[in-house]
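Peer 1: In my numbering, the protein residues as written are 2 to 758. Got a structure for you, written out below as structure tokens; questions coming shortly.
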């Protein structure tokens, strides 16, 4: 099962050509598709269809569905254009119409009818192909599950060997026939094709070394030092191993014809080339991860002794994979006897299981020799589970459950390959984000003035990396279980139908509409941001408004712009406001119970911005605390205290509580008050003149109205003097009071007055 799925994947990547059709004639294309679909439908009615043929039939059906869809898409504009021209001509007049107009109308009507019939047939073929493809996938899954429980004779039993020996004469005849077919295929290759194939392979062979040298040079000179360089090197090693087999595959493609006319040996050769590409990729991937001879380039944390000890395991695994596939493929192409096919499957699967188990054993032995426990904790249970599954798979195959053991072995190897590939891709994504987060955009890596990247760019990079990692994890999860469900061709077919969207009630949510909505929201928010910045920096300063009013207008503009952007995004997605009335009702109930405090603060914030009882820059006193307002947000207001700490006050406090706004009026003045208790034996008039002189001589005390000094009363054995004066700003009160009081005490002391406070 693993081998079949691998072949599906690689054949899809190689872009194998499908049924040759007349692309210029849509009727001929639809007729060809219809005949092919009917032939496949008749073929599927035969219960004896081989298991390995079902995926091929499903791929062909998906291709036919795509072709019919393309015909319908091409004809739809023609139908709309013809219908529009008919509408321009209007209905036929009862009399007096020009003959050429009548003839043109008849021609258009006939053409529109033909195009409409063509589109209807194409859509019918799309539905039919889709239904047959789903039926084929379901049949393949059912037969796969049935084959897993099928038991033959024990592999080591005399009965099994007798059955294999009995089929050897007929198998030898089939093998001889295969040889003659292969010789006939080779003989039919003309010199031009052979020369083209040889040139293609030679070019790929010669390009291998310069491409590798250029890649290494770019990694060394252009890639920043660190983990990103190592992860890119591992990925480049895996992809670079494909150069040679891809050249061979291209050479084979030049020797083969169209898919409908290919011989069995041509198809076999292409499948062998695709499998060779996969095996070379596996070798390159594991070789790049181990990096036995280049420890500084090694991506995972593996000791040098372990890497050197396992340097041959990638070659063993890749070679065994190809040999196992070749053995299975020859038995299938030659249509050998049942027990010969079972024996070939058992030998291939057991060989693959033994090679994998040997690699695990070598890994465990090397780690034990090091006596280190530095590897991740999950490695040990993972390898133990793989060891157990391989042991049970070999036992199951020896007991006669060849299909079950082969599937288990293939799943272990396939999962291991996916984990290695996923590790490399995840490392590339993560390392690229870490590298980009260390430099600002638009700066070179060696720029000494680069500094740290802006926080917004770092956030975008981290979110993008997270989305890519989630997509990668989802893809790996799908691929792990793909042998038991759908292969890549089926997944691609389903992904192509995702564009139709999801229906929720009366709303059709399409991926394209969602992307359009996100684009509209982002562009709208960007436009609002630009407008808000222009208004704040250029328009508002010319209107003579104070700073607080300017901040209020800017904040309201941002709120309104955000609401408009979201509304435009919903409209672009096809969601009208009347379609979310039930959501608004539900939110109303939720707001009434759990969100009333948040809504209260939000509404209070809007009131603060509109009525402006307090504004940015005001000095306010609330709940016994004083400070300057530095920001009015949607939910709360930030007040900076004298010690530079920030007090966050819910907006509703400014609406429902008593608030003292010291600087609410731009003409607000500060009152300096001084109470000075002195002994009864002082000269009151002298004290009054001294305090009054100190007030009048201070530069911050305003002359109008003039300062005053009063004898406030007699308390016990003291005279209490009360002085007051105005300053231009309330913020100067404390400093001025301190300076005046120090001046008064100094003057009284110089004149022999003892002031005891």
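Glycine is no exception: its CB is placed at the ideal position from the N, C-alpha and C atoms. From a predicted model like this one, the values you see are computed outputs, not experimental measurements.
Applying the 10 Å Cβ sphere with the 16-neighbour rule, what's the burial state of residue 634?
Peer 2: Taking the chain shown and counting its residues from 1, the one referred to as residue 634 is at position 633. Answer is exposed; the Cβ neighbour count stays below 16.
Peer 1: Which residues in the same chain as residue 738 place their Cβ atom closer than 8 angstroms to its Cβ, once the five residues preceding and following it in sequence are excluded?
Peer 2: One-based indexing of the chain shown puts residue 738 at position 737. The answer, listed in chain order, is 673, 674 and 675.
Peer 1: Do residue 353 and residue 383 have their beta-carbon atoms positioned less than 9 angstroms apart in this structure?
Peer 2: Indexing the chain shown from 1 puts residue 383 at position 382. Indexing the chain shown from 1 puts residue 353 at position 352. Contact flag unset, no.
Peer 1: On the premise that residue 252 lies in contact with residue 201, defined as a C-beta separation below 8 angstroms, what is that separation, rounded to the nearest angstrom?
Peer 2: Residue numbering aside, residue 201 sits at position 200 when the chain shown is read from its first letter. Residue numbering aside, residue 252 sits at position 251 when the chain shown is read from its first letter. Confirmed, Cβ separation roughly 4 angstroms.
Peer 1: Helix, strand or coil for residue 156? Go by DSSP, reduced to three states.
Peer 2: As a first step, residue 156 is located in the chain shown; it is residue number 155 there, counting from the start. If DSSP states are grouped into helix, strand and coil, residue 156 belongs with coil.
Peer 1: Mark residue 40 as exposed unless 16 or more other C-beta atoms lie within 10 angstroms of its C-beta, in which case mark it buried.
Peer 2: Position 39 of the chain shown, counted from the start, is the residue given in the question as residue 40. Answer is exposed; the Cβ neighbour count stays below 16.
Peer 1: For the candidate residues 281, 156, 608 and 663, whose alpha-carbon lies nearest to that of residue 651?
Peer 2: For the purposes of this step, residue 651 is taken as residue 650 along the chain shown, with counting starting at 1. Out of 281, 156, 608 and 663, 608 has the C-alpha closest to the C-alpha of residue 651.
Peer 1: From residue 115 to residue 518, what does the alpha carbon distance come to, in whole angstroms?
Peer 2: Your numbering for residue 115 matches position 114 in the chain shown. Your numbering for residue 518 matches position 517 in the chain shown. So the two alpha carbons sit approximately 37 angstroms from each other.
Peer 1: Relative to the C-alpha of residue 124, which residue among 151, 76 and 69 is closest?
Peer 2: The sequence position of residue 124 within the chain shown is 123, counting from 1. Per the C-alpha coordinates, the member of 151, 76 and 69 positioned closest to residue 124 is 69.
Peer 1: Smallest Cα separation from residue 640: which of 659, 661 and 617?
Peer 2: On the chain shown, position 639 is the one that residue 640 refers to. Residue 617 is the option with its Cα nearest to residue 640.
Peer 1: List the endpoints of the continuous beta strand (DSSP E) containing residue 268.
Peer 2: Numbered from its first residue, the chain shown carries residue 268 at position 267. Per DSSP, residue 268 belongs to no beta strand (DSSP E); it is in the alpha helix (DSSP H), 265-291.
Peer 1: At the level of alpha carbons, what is the spacing between residue 408 and residue 465?
Peer 2: Against the chain shown, residue 408 aligns to sequence position 407. Against the chain shown, residue 465 aligns to sequence position 464. Their backbone Cα atoms lie some 37 angstroms apart in a straight line.
Peer 1: Report yes if the C-beta distance between residue 679 and residue 720 is below 9 angstroms; otherwise report no.
Peer 2: Here residue 679 refers to the residue found at position 678 when the chain shown is read from its first residue. Here residue 720 refers to the residue found at position 719 when the chain shown is read from its first residue. In contact: residue 679 and residue 720 (Cβ atoms closer than 9 angstroms).
Peer 1: To which residues of the same chain is residue 448 closer than 7 angstroms at the C-beta, ignoring the five residues directly before and after it?
Peer 2: By 1-based counting over the chain shown, the position of residue 448 is 447. Here residue 448 scores only 45 on pLDDT, less than 50, and its place in the model should not be relied on; the value that follows carries that caveat. Excluding sequence neighbours, residue 448 sits near nothing in its chain.
Peer 1: Quick one: residues in its chain with C-beta nearer than 7 angstroms to the C-beta of residue 347, no 5 flanking neighbours on either side, listed in chain order?
Peer 2: On the chain shown, residue 347 is found 346 positions in, with the first residue counted as 1. Excluding sequence positions up to five before and after residue 347, its CB lies within less than 7 angstroms of the CB of 156, 398 and 403, all in the same chain and listed in chain order.
Peer 1: Determine the burial state of residue 159: buried for a count of at least 16 other Cβ atoms within 10 Å of its Cβ, exposed for fewer.
Peer 2: Taking the first residue of the chain shown as 1, we reach residue 159 at position 158. Looking at its Cβ environment, which holds fewer than 16 other Cβ atoms inside 10 Å, residue 159 is exposed.
Peer 1: Could you please give me the residues that DSSP links to residue 723 through a beta bridge?
Peer 2: Position 722 of the chain shown, counting from 1, holds the residue named residue 723. 676 and 711, per the DSSP bridge assignment.
Peer 1: So is residue 490 buried or exposed if we call it buried at 16+ other beta carbons inside 10 Å?
Peer 2: As a working note, residue 490 is residue 489 in the chain shown. Bear in mind that the predicted position of residue 490 carries a pLDDT of just 47, short of 50, making it unreliable; the figure below should be weighed with that in mind. It is buried - the Cβ of residue 490 has at least 16 other Cβ atoms within 10 Å.
Peer 1: Just to confirm my understanding: we take residue 368, look at its own chain, exclude 5 residues before and 5 after, and list those with CB closer than 7 angstroms. What are they?
Peer 2: On the chain shown, residue 368 is found 367 positions in, with the first residue counted as 1. Result list for residue 368: 307 and 376, in chain order.
Peer 1: Figure out for me which residue from 59, 181 and 340 has the closest Cα to the Cα of residue 154.
Peer 2: Here residue 154 refers to the residue found at position 153 when the chain shown is read from its first residue. Checked all of 59, 181 and 340; the closest Cα to residue 154 is 340.
Peer 1: My parser needs the beta strand (DSSP E) runs of 3 or more residues fully inside the stretch 209-233; what are they?
Peer 2: none
Peer 1: Rounded to the nearest angstrom, what separates residue 110 and residue 276 at their Cα positions?
Peer 2: Position 109 of the chain shown, counted from the first residue, corresponds to residue 110. Position 275 of the chain shown, counted from the first residue, corresponds to residue 276. Each residue's alpha carbon lies about 53 angstroms from the other.
Peer 1: Using only alpha-carbon positions, find the residue among 731, 732, 709 and 728 that is nearest to residue 722.
Peer 2: The residue you call residue 722 lines up with position 721 of the chain shown. Selected option, being the one with the closest Cα: 709.
Peer 1: Would you tell me roughly how many angstroms separate the C-alpha atoms of residue 300 and residue 293, rounded to the nearest one?
Peer 2: By 1-based counting over the chain shown, the position of residue 300 is 299. By 1-based counting over the chain shown, the position of residue 293 is 292. Spanning the two alpha carbons is a distance of roughly 11 angstroms.
Peer 1: Using the Cα positions of residue 99 and residue 81, report the straight-line distance between them to the nearest angstrom.
Peer 2: Walking along the chain shown from the start, residue 99 turns up at place 98. Walking along the chain shown from the start, residue 81 turns up at place 80. C-alpha separation (whole angstroms): 25 angstroms.
Peer 1: Find the nearest neighbour of residue 281 within the set 71, 400, 318 and 623, judged by alpha-carbon distance.
Peer 2: Stepping through the chain shown from its first residue, residue 281 is reached at position 280. The residue with the shortest Cα to Cα distance from residue 281 is 318.
Peer 1: Going along the chain, which residues of its own chain have a beta-carbon closer than 6 angstroms to the beta-carbon of residue 213, five neighbours each way excluded?
Peer 2: For the purposes of this step, residue 213 is taken as the residue at position 212 of the chain shown. Correct list, in chain order: 241.
Peer 1: Does the Cβ of residue 283 have 16 or more other Cβ atoms within 10 Å, making it buried, or fewer, making it exposed?
Peer 2: Locating residue 283 in the chain shown gives position 282, where the first residue counts as 1. Buried: at least 16 other Cβ atoms inside 10 Å.
Peer 1: At 3 residues or longer, what runs of the beta strand (DSSP E) sit wholly inside the stretch 618-696?
Peer 2: 620-623, 626-633, 637-641, 647-651 and 671-680
Peer 1: With DSSP as the reference, label residue 728 as helix, strand or coil.
Peer 2: Within the chain shown, the letter at position 727 stands for residue 728. In the structure shown, the three-state DSSP call for residue 728 is strand.
Peer 1: According to DSSP, is residue 702 part of a helix, a strand, or is it coil?
Peer 2: As a working note, residue 702 is residue 701 in the chain shown. In the structure shown, residue 702 sits in a strand (DSSP, three-state: E or B).
Peer 1: Over what stretch of residues does the alpha helix (DSSP H) that includes residue 247 continue unbroken?
Peer 2: Within the chain shown, numbered from 1, the residue matching residue 247 stands at position 246. Looking at the DSSP string, the run of the alpha helix (DSSP H) that includes residue 247 is 244-256.
Peer 1: Apart from the five residues on each side of it in sequence, which residues of its chain come closer than 7 angstroms, Cβ to Cβ, to residue 664?
Peer 2: Here residue 664 refers to the residue found at position 663 of the chain shown. Counting only Cβ-Cβ distances below 7 angstroms, and skipping sequence neighbours, we find 619, 620 and 731.
Peer 1: Taking the CB atoms as reference points, tell me whether residue 1 and residue 412 lie closer together than 9 angstroms.
Peer 2: The requested residue 1 does not occur in the structure, where the chain is confined to residues 2 to 758.
Peer 1: Relative to the C-alpha of residue 414, which residue among 481, 470 and 396 is closest?
Peer 2: Position 413 of the chain shown holds residue 414. The residue with the shortest Cα to Cα distance from residue 414 is 481.
Peer 1: So does the stretch 553-563 actually touch the stretch 524-542, counting three or more Cβ pairs closer than 8 angstroms?
Peer 2: yes
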